[in-house]
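This report refers to the structure that appears directly beneath it.
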Amino acid sequence: MASHQLDYEILGSHAQSVEIILDPGETVVAEAGAMNYMTEGVRFETRMGDGSEDGVLGKLWGMGKRMLTGESLFMTHFSNQGKRQARVAFAAPYPGTVVPVDLAQIGGTLVCQKDSFLCAARGTEIGITFSKRIGAGFFGGEGFILQRLSGNGLAFLHAGGAVIRKELHDETLRLDTGCLVGFSEGIDYDIQLAGGLKSMLFGGEGILLATLKGTGTVWLQSLPFSRLAERVYEATVKAREDVRGGGD
Numbered sequence: 001m002a003s004h005q006l007d008y009e010i011l012g013s014h015a016q017s018v019e020i021i022l023d024p025g026e027t028v029v030a031e032a033g034a035m036n037y038m039t040e041g042v043r044f045e046t047r048m049g050d051g052s053e054d055g056v057l058g059k060l061w062g063m064g065k066r067m068l069t070g071e072s073l074f075m076t077h078f079s080n081q082g083k084r085q086a087r088v089a090f091a092a093p094y095p096g097t098v099v100p101v102d103l104a105q106i107g108g109t110l111v112c113q114k115d116s117f118l119c120a121a122r123g124t125e126i127g128i129t130f131s132k133r134i135g136a137g138f139f140g141g142e143g144f145i146l147q148r149l150s151g152n153g154l155a156f157l158h159a160g161g162a163v164i165r166k167e168l169h170d171e172t173l174r175l176d177t178g179c180l181v182g183f184s185e186g187i188d189y190d191i192q193l194a195g196g197l198k199s200m201l202f203g204g205e206g207i208l209l210a211t212l213k214g215t216g217t218v219w220l221q222s223l224p225f226s227r228l229a230e231r232v233y234e235a236t237v238k239a240r241e242d243v244r245g246g247g248d
C-alpha cells in the first residue's frame with residue numbers, strides 16, 4: 001500500500017509537537033492518546049492495527065504483535081473528511097523533540113523503540129522485529145522486541161530532550177540502551193558488557209551498552225524518559241526522608 005503524502009509543521013522548541021496538514025481524503029495513524037487537537041473536518045476512528053492487515057487472520061496477527069510490544073491493541077486513524085485542508089497535532093507525554101523521518105529516503109524501513117513512535121502516514125506498516133542476538137533479548141534494557149516501520153511515507157518519532165543524528169559508515173557506535181531512538185536498515189543491533197567488573201559496578205554507566213554497527217542512520221536522545229523518571233523518583237524519596245527527619 002502506498003503511503004499518504006503528508007505535509008507537517010513542527011511546533012515548539014523544548015517540548016515539541018507535530019501538526020499534520022491533511023488534504024481531503026488523507027489519513028494519519030497514531031498511537032492511542034497522542035492527539036493534542038484537530039480542526040474541523042478531521043474525523044477519527046479506533047481500529048485494530050495500522051490498517052495494512054488484510055482479513056480477520058491478518059488483524060488477529062497484528063493484535064498479537066502489538067500485545068508482544070506492550071502497546072495498545074488499537075491505533076487511531078485521523079482522516080480529513082472535509083473539502084479543504086485540515087490539521088491534527090500530536091505530542092508525546094513528556095518533553096522532547098519530534099523527529100520526522102522520510103522512510104523512502106532511508107531504504108523503506110526504520111527500527112525504533114516501541115515508545116518512541118508517535119504517528120505515521122496511512123500506508124505505513126507498523127510491526128515488530130526481534131533482536132538477532134540472545135544477549136540483546138534478555139539483557140537489553142529496551143527489550144527483546146523493537147518496532148519496525150515500513151513504507152514510503154513520513155513517520156514521526158519522539159526523542160526525550162535533544163535529538164542527535166549519527167551517520168555510520170561501516171562504523172561502530174556504543175551507547176546507553178535508553179538513549180537509542182531508532183536506526184535505519186544496514187545497522188546491526190546488539191547488547192554487550194560495558195567493560196571490566198570494576199567499571200560495571202562503580203562506573204555509573206550501567207552494566208550493558210547497546211552496540212550499533214554497520215552503515216546507516218542512528219537517532220539518539222539526550223534525555224531518556226527512564227533516566228528522567230529515575231532522577232525524579234530519587235529526588236522524591238530524598239525529600240520525603242528529609243521531611244521525616246525534620247519531624248523527629
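Numbering (my numbering), first residue to last: 1 to 248.
Here a beta-carbon is modelled for each residue, glycine too, at the ideal position from N, C-alpha and C.
In whole angstroms, give me the CA-to-CA distance for residue i and residue j.
i      : j      : result
Glu209 : Ala229 : Looking at the sequence itself, residue 209 is Leu, so the reference to Glu does not match. Spanning the two alpha carbons is a distance of roughly 20 Å.
Phe44  : Asp170 : 43 Å
Ala104 : Leu223 : 28 Å
Gly143 : Gln192 : Its pLDDT being 49, under 50, Gly143 is placed unreliably by the model, and nothing is read from it.
Phe183 : Gly123 : 20 Å
Gln85  : Ala34  : 21 Å
Ala121 : Val28  : 5 Å
Thr215 : Tyr189 : 12 Å
Arg231 : Ile10  : 28 Å
Closest to residue i by CA distance: which of the options is it?
i      : options                       : result
Arg87  : Val243, Lys238, Ile164, Asp23 : Asp23
Cys119 : Ile145, Leu149, Ile128        : Leu149
Arg165 : Val218, Ala89, Gly96          : Val218
Ser79  : Ala104, Gly41, Glu9           : Gly41
Gly82  : Glu26, Asp188, Lys213, Ala239 : Glu26
Is residue i helix, strand or coil when you go by DSSP?
i      : result
Glu241 : helix
Gly143 : Only weak support exists for where Gly143 lies, its pLDDT of 49 falling under 50; the coordinates are left without a value.
Tyr94  : coil
Thr39  : coil
Gly82  : coil
Glu45  : strand
Ser116 : coil
Ala155 : strand
If you follow the beta strand (DSSP E) that residue i is part of, which residue opens it and which one closes it?
i      : result
Arg165 : 163–175
Lys213 : 208–221
Taking 7 Å as the threshold (C-beta atoms), are residue j and residue i in contact?
i      : j      : result
Gly178 : Ser226 : yes
Phe90  : Ala32  : no
Ile20  : Tyr37  : no
Gly151 : Ser3   : yes
Leu157 : Val111 : no
Val101 : Ala155 : yes
Gln113 : Ala159 : no
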